[in-house]
Amino acid sequence: MAYRYVEGDLVAAEDALGAARRFVYRQHRLLQHTDRVGLSFYYDYDRQWRVVHSWGDGGLYDYRFAYDDLLRETAVTDSLGQVSLVKFGENRLPLCEIDPLDGVTVFEYDAVGRTVAVTDPEGLCTRFDYDERGNLLTLTRPDGSTLSQTFDDDDRLIAVADPDGHAWQQRHDTRGLLVEQTDPLGAAAQYVYDDHGQLRAHTNARGATTQLEYDRYGLLAALIDALGQRSAF
C-alpha cells in the first residue's frame, strides 16, 4: 500500500495493483471519497461543520441530518424519505432512537458514560459489564447467553469465551506484544518480533509462515510468503 498526504490530509491510498481510494477535503473536512472502482460519496456540512447531507453517486445511500440543539435531537432521513429520530442527553450520549415505525431503542450508561444496556423495540435487552478499569468483561444477550472476556493486569485481552464455553486465548511477551493466539480446537498462530518490536514472522494455525523485512527507517520493505515468493515495497 502507498499513501499520499497533502497538508496532513490523506488524499490517496493506493494498493499493490495501482488502484487507489481518493479523498477530497475543504478546511480538512472530508467532502468526497472515491473507491477503487470509481464510486464516489459526498458530504455537505452546516456552519458548525456537522454533516447535513451524505450521498453516493446516483443517489446511493442518500441521508439527510437535521439538528435541534434546544431539544438535543437529530432527525435522520434516509433515501426512501423515512425519518428516524435520535434523542441525546446532556452529555451528548444517545438516550434513544425512534425508527420510522415508531419503534424505540433505548440506551443506558454508567456514571462514566459506558454503555451498560441496549433495549430494542421488542423489549429485548442486551447488557454489558465492565471491570473497574473499563474493560468489557461480559456481554449478555436477551436470551441470557453470555460472551465473556478476560484481561491480564496490564489490560491486555487474553481470552474470549462464547456461550458454549469455547475459548480463544492470546499470549503476550514481556513487552506486551502478541506472540500466540489459540482457537478452541487448540490450533495456534504465532508471531515473532525483532528487538525493535517489529513483526518479523507470522505462522498461522496450519504452519504456514510469512516473513517481513524492513528498511533502515523501520518501514516495511518486503514480504516473503509461505511459498517463498517475495513482494518488495
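Residue numbers in the sequence shown follow numbering that gives the first Met the number 0, run continuously in steps of one, and reach 232 at the last position. Even for Gly, the Cβ is constructed at its ideal location relative to N, Cα and C.
Straight-line Cα distance separating residue j from residue i
i: ARG21; j: LEU84; result: 32 Å
i: PRO162; j: ARG3; result: 44 Å
i: ILE157; j: PHE127; result: 18 Å
i: LEU30; j: PHE232; result: 30 Å
i: THR76; j: GLU131; result: 39 Å
i: VAL117; j: LEU136; result: 16 Å
i: ARG170; j: GLY164; result: 19 Å
i: LEU176; j: GLY196; result: 8 Å
i: ALA187; j: THR181; result: 4 Å
i: LEU100; j: PRO120; result: 10 Å
i: ASN203; j: PHE87; result: 45 Å
i: ARG28; j: ALA225; result: 42 Å
i: TYR129; j: ARG215; result: 42 Å
i: LEU38; j: GLY143; result: 43 Å
First through last residue of the beta strand (DSSP E) which encompasses residue i
i: PRO93; result: 93–97
i: VAL111; result: Premise fails: VAL111 is in no beta strand (DSSP E) and is neither H nor E.
i: THR145; result: 145–150
i: VAL10; result: 8–13
i: THR139; result: 135–139
i: GLN189; result: 187–192
i: GLN31; result: 28–33
i: PHE232; result: That residue, PHE232, is in no beta strand (DSSP E); it is neither H nor E in DSSP.
i: HIS201; result: 198–202
i: LEU219; result: 219–223
Residue i - DSSP class collapsed to helix/strand/coil
i: GLY55; result: strand
i: ALA207; result: coil
i: TYR62; result: strand
i: LEU123; result: coil
i: SER39; result: strand
i: THR76; result: strand
i: THR173; result: coil
i: ASP45; result: coil
Supposed contact pair residue j and residue i - C-beta distance, whole angstroms, cut 8 Å
i: ALA200; j: THR209; result: 7 Å
Check whether residue i and residue j have beta carbons under 9 Å apart
i: ASP43; j: VAL36; result: no
i: TYR62; j: SER78; result: yes
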